[in-house]
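Each remark here refers to the structure printed beneath this line.
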Amino acid sequence: MVIQRWQSVLLFLAAIFMVLLCVLPLGCVSDNGSPESLTCFKATNMLPLMIVGVMSAIMFVIAIFLFKNLNLQKRVTLAACILVVASIAILSITTLWIGIIWPILALIAAIWAYMRISADQKLLSSYDRIR
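Using this note's numbering, you'd call the opening residue of the sequence shown number 4 and step up by one each time.
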């Protein structure tokens with residue numbers, strides 16, 4: 004069996020990466036070097052990051068189901084990419100650099116999905132010329 008719609012898989016992966024950003028700890032900081040004083044930070048502690056992460060994950064899931072309208076799917080994917088870049092910007096302000104891996108992976112998957120959507124659009128337009 005061959006997967007025909009790789010962009011759906013890639014958009015789903017991008018949504019999972021953004022959910023992981025919201026759920027997993029972004030990093031841990033120790034006050035005096037002892038393990039007892041370890042404080043872990045999550046996206047739930049930073050409301051703008053949580054909002055941007057959830058919104059982008061929802062937009063990626065919505066984009067999966069827009070496969071019949073490729074132009075709209077590309078626009079929704081691009082808007083979600085802008086939100087992912089915003090989450091990277093929010094994380095770069097903090098000193099929690101380990102948590103920045105999830106939005107970067109989501110951005111890579113989303114850009115790859117965008118390229119696959121464009122390739123599908125070109126393929127469909129070439130089939131329309133043949134008819």
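The C-beta atom is built at its ideal place from N, Cα and C for all residues, glycine as well.
Which residue's Cα is closest to the Cα of L126: N48, L73 and G30?
In the sequence shown, the residue the question calls residue 126 occupies position 123. L126 has its Cα closest to that of L73, out of N48, L73 and G30.
Do the segment 26 to 37 and the segment 73 to 86 make contact, defined as three or more Cβ pairs closer than 8 Å?
The segment 26 to 37 vs the segment 73 to 86: no contact.
Determine the burial state of C31: buried for a count of at least 16 other Cβ atoms within 10 Å of its Cβ, exposed for fewer.
Locating residue 31 in the sequence shown gives position 28, where the first residue counts as 1. The residue is exposed, with fewer than 16 neighbouring Cβ atoms inside 10 Å.
Just verifying my parser: in three-state terms, what is the DSSP assignment at L29?
As a first step, residue 29 is located in the sequence shown; it is residue number 26 there, counting from the start. The answer is coil: DSSP assigns L29 none of H, G, I, E or B.
Once DSSP output is grouped into helix, strand and coil, what is the label at L108?
Start at 1 with the first residue of the sequence shown, and residue 108 comes out as number 105. In this structure, L108 counts as helix in the three-state DSSP scheme.
Can you say whether A92 is buried or exposed, counting buried as having 16 or more other CB atoms within 10 angstroms of its CB?
The sequence position of residue 92 within the sequence shown is 89, counting from 1. By the neighbour-count rule (16 or more Cβ atoms within 10 Å), A92 is not buried but exposed.
According to DSSP, is T42 helix, strand or coil?
The residue given as residue 42 occupies position 39 in the sequence shown. Three-state result, T42: strand.
Hey, would you say A82 sits closer than 8 Å to L13, going by beta carbons?
On the sequence shown, position 79 is the one that residue 82 refers to. On the sequence shown, position 10 is the one that residue 13 refers to. Not a contact, by the Cβ cut-off of 8 Å.
Report the residue from C25, I107 and I120 whose alpha carbon sits nearest the alpha carbon of V88.
As a position in the sequence shown, residue 88 is number 85, starting the count at 1. Taking only the C-alpha atoms, the option nearest V88 is I107.
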